[in-house]
Structures are given as structure tokens and as C-alpha cells.
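Each residue of the sequence shown is one higher than the one before, counting from 80 in the working numbering.
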Amino acid sequence: MDRDRYVPFTTVFNFRDLGGYPAADGRRVRTGVLYRSDGLHRLVEADLGRFAALDVRRVVDLRRADEVANYGRIPESPGLDYHNVCLQTLAWTAAEVAPGELAGYLAQRYAEIADEAVGGAMARVLRLIAEDTAGGTVFHCMAGKDRTGVVAAVVLSLLGVDDDTIAGDYAASRFSEQRYLAWRASVAPDSPRYLPSSGDPAPAETMLTFLAGLRSRYGSIAGYVDAAGFGPADRELLRARLLAPN
Numbered sequence: 080m081d082r083d084r085y086v087p088f089t090t091v092f093n094f095r096d097l098g099g100y101p102a103a104d105g106r107r108v109r110t111g112v113l114y115r116s117d118g119l120h121r122l123v124e125a126d127l128g129r130f131a132a133l134d135v136r137r138v139v140d141l142r143r144a145d146e147v148a149n150y151g152r153i154p155e156s157p158g159l160d161y162h163n164v165c166l167q168t169l170a171w172t173a174a175e176v177a178p179g180e181l182a183g184y185l186a187q188r189y190a191e192i193a194d195e196a197v198g199g200a201m202a203r204v205l206r207l208i209a210e211d212t213a214g215g216t217v218f219h220c221m222a223g224k225d226r227t228g229v230v231a232a233v234v235l236s237l238l239g240v241d242d243d244t245i246a247g248d249y250a251a252s253r254f255s256e257q258r259y260l261a262w263r264a265s266v267a268p269d270s271p272r273y274l275p276s277s278g279d280p281a282p283a284e285t286m287l288t289f290l291a292g293l294r295s296r297y298g299s300i301a302g303y304v305d306a307a308g309f310g311p312a313d314r315e316l317l318r319a320r321l322l323a324p325n
């Protein structure tokens with residue numbers, strides 16, 4: 080994982096560019112077009128200039144309605160197109176899972192997220208990402224690892240990025256998770272844990288297992304998004320938007 084993908088902010092810890100990865104037909108994912116992130120509701124005023132300099136015009140917030148109500152959303156600004164698409168209706172926690180069991184536990188939860196999103200949420204998110212709009216797009220949840228990781232894996236796979244690279248991109252969240260948890264403990268020391276207190280919070284094995292499971296249940300990643308209502312013509316738009324020419 081190239082640490083240069085990270086865009087540093089004061090209280091947003093997992094904002095990074097999905098561009099640059101090798102993809103299908105010898106092409107690469109475009110840089111400066113699609114970003115993944117943790118909770119953008121935490122952007123402080125001192126960081127708004129840096130965010131604006133990225134020319135991100137569309138925000139896709141994957142959180143539940145109660146999370147948006149409780150924590151707020153990214154600050155409004157002229158020209159910013161905001162969409163809230165709930166990708167997971169039921170909250171869960173991995174706090175009581177033993178570190179050695181975390182990869183399997185997370186892969187199961189991600190499978191549940193993906194299967195639930197077949198009902199319409201995944202297709203809506205992918206269309207928002209694929210649409211040829213001015214400026215870049217960022218999608219995010221709370222930690223930028225779980226729901227965001229599911230969407231990132233599906234998008235990168237549709238672009239022809241290999242599984243090991245996708246798993247590496249997912250595993251890079253371990254760096255931001257450590258920073259986020261340290262910050263969270265400093266500002267809210269009594270807040271409940273949602274991950275085991277030790278071990279790797281984003282094992283690459285999780286993503287490899289998740290992708291294998293999608294293919295087992297739907298035949299392929301394309302088969303999965305077909306079931307979700309994101310068909311071949313949609314996928315061509317996604318590739319046109321996100322793949323750099325040879």
C-alpha cells in the first residue's frame with residue numbers, strides 16, 4: 080500500500096485515493112477521481128480548504144440514518160452534491176471477537192452487507208460513482224473500513240484490479256484505525272469498543288474470503304452486481320469514468 084495515497088486531515092484518518100492501481104487491459108485506475116474515507120462529519124474548519132482543493136464534488140455517505148442524525152454529515156458547501164445511501168441497516172460490533180477469529184467474523188458481516196445491498200443500495204452507490212460528473216467522488220462510512228471496504232472491493236474488482244491488490248488496499252485501513260482509536264480514546268475515553276483490543280483490525284484474509292464468497296454465491300463479481308441491478312451498460316460507464324486510457 081502506497082502511503083502517499085492518504086490525504087491527511089486533523090480528525091479524518093482514512094481518506095485516500097483509489098487511483099493508480101493496475102487494472103484490466105493494462106490500464107490503471109484514474110487518480111484524483113474516486114476516494115474512500117472514514118466519517119467526513121468530523122472534518123474541522125481548518126481542513127475544509129484542503130478538502131476543497133481536492134475538487135471533490137460528490138459525497139456518498141453509506142451510514143445509517145441514525146448515525147447521520149446522531150453525528151451529523153459533512154459540512155454543506157456550494158457545489159457539493161451529497162447523497163446518503165444506507166448500506167447496512169443493523170449495527171454490529173466485533174468487540175468480543177478474539178483477534179484470531181476476526182478475519183472470519185468480518186468476512187461474514189461483509190457478506191451480509193453485500194447481500195442486503197442487492198436490494199437496491201449497491202446499485203445506487205455504484206451509479207453515483209459511475210456517473211460522469213465534474214470533480215471527484217468520495218464514499219465513506221464511520222471508520223472507512225467495513226461498509227466502505229465492501230464498496231471499494233466491488234468497484235476495484237469490476238475495474239479488473241486483482242484480489243491481492245484489493246486486499247492490500249483494505250488492509251491499509253489498519254494504519255488509520257490505530258490513529259482513529261487513539262483519537263477516540265482521547266476525546267471519549269468511556270466510549271465502548273467495537274473491535275478487539277489487540278490484533279490486526281483489518282486482516283487482508285478478510286477481503287480475500289469476502290470476494291471468494293461473493294463469487295461462490297453469485298458466480299462472479301459481475302454476477303453479483305447484475306443481481307443488484309447494475310448491468311453491463313452500467314459497468315461500461317464505471318470503467319469509462321474510472322480507468323485511465325492506455
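In this text, a Cβ means the ideal position worked out from N, Cα and C, and glycines have one as well.
As the structure is a computational prediction, the values presented were derived from the model and not from experiment.
Pull up the distance between the alpha-carbon of residue i and that of residue j, whole angstroms please.
| i | j | result |
| --- | --- | --- |
| Arg206 | Gly179 | 36 Å |
| Val233 | Tyr161 | 21 Å |
| Arg188 | Ala222 | 15 Å |
| Ser156 | Phe254 | 29 Å |
| Leu127 | Asp313 | 32 Å |
| Ala250 | Ser270 | 24 Å |
| Gly302 | Arg294 | 8 Å |
| Met80 | Asn93 | Here Met80 scores only 48 on pLDDT, less than 50, and its place in the model should not be relied on; the value that follows carries that caveat. Going by the C-alpha atoms only, they are around 13 Å apart. |
| Thr89 | Val123 | 7 Å |
| Arg45 | Val86 | Absent from the structure is residue 45, since the part of the chain shown begins at 80 and ends at 325. |
| Ala131 | Leu317 | 24 Å |
| Ala319 | Gly98 | 14 Å |
| Pro311 | Gly158 | 30 Å |
| Ala307 | Gly292 | 16 Å |
| Pro324 | Cys220 | 30 Å |
So which of the options has the shortest CA-CA distance to residue i?
| i | options | result |
| --- | --- | --- |
| Val138 | Glu191, Ala174 and Ser116 | Ser116 |
| Asp305 | Ala186, Gly199, Ser156 and Gln167 | Gly199 |
| Asn149 | Phe130, Tyr259 and Arg121 | Arg121 |
| Ile300 | Gln257, Ser236 and Pro311 | Ser236 |
| Val135 | Arg296, Ile153, Ala125 and Asp279 | Ile153 |
| Ala182 | Ala102, Ala281, Asn325 and Leu316 | Ala281 |
| Tyr184 | Ala173, Ala193 and Asp194 | Ala173 |
| Arg142 | Val164, Glu210 and Arg129 | Val164 |
| Arg84 | Ser252, Tyr259, Gln257 and Ala307 | Ser252 |
| Val230 | Pro324, Ala177 and Glu195 | Glu195 |
| Tyr114 | Lys224, Pro268, Asp241 and Glu256 | Lys224 |
| Phe309 | Ala267, Val197 and Arg296 | Val197 |
| Asp140 | Val204, Ala103 and Ala102 | Val204 |
Would you mind reading off the limits of the alpha helix (DSSP H) that contains residue i?
| i | result |
| --- | --- |
| Val147 | Ala144 to Tyr150 |
| Gly214 | Element bounds for Gly214: n/a, residue is neither H nor E. |
| Ile245 | Asp242 to Ala250 |
| Asp279 | First-last for Asp279: undefined, no H or E at that position. |
| Thr168 | Here Thr168 belongs to no alpha helix (DSSP H), and DSSP marks it neither H nor E. |
| Ser295 | Ala283 to Tyr297 |
| Leu238 | Segment: none, Leu238 is in no alpha helix (DSSP H) and carries neither H nor E. |
Beta carbon of residue i, beta carbon of residue j: below 8 Å?
| i | j | result |
| --- | --- | --- |
| Tyr100 | Arg106 | no |
| Val147 | Leu119 | no |
| Gly247 | Ala283 | yes |
| Phe218 | Thr212 | no |
| Gly278 | Val112 | no |
| Phe289 | Ala170 | no |
| Met201 | Ile245 | no |
| Arg129 | Leu322 | no |
| Leu166 | Ile192 | yes |
Taking residue i as part of the beta strand (DSSP E), name the residues at either end of that continuous run.
| i | result |
| --- | --- |
| Arg84 | Segment: none, Arg84 is in no beta strand (DSSP E) and carries neither H nor E. |
For residue i, list the residues DSSP reports as bridge partners.
| i | result |
| --- | --- |
| Arg107 | Pro101 |
| Ser116 | His219 |
| Val139 | His162 and Phe218 |
| Leu322 | Val108 |
| Arg95 | Tyr85 and Arg115 |
Determine whether the Cβ of residue i lies closer than 8 Å to any Cβ atom of chain D.
| i | result |
| --- | --- |
| Ala102 | Although the question refers to chain D, the structure presented lacks it and comprises just one protein chain. |
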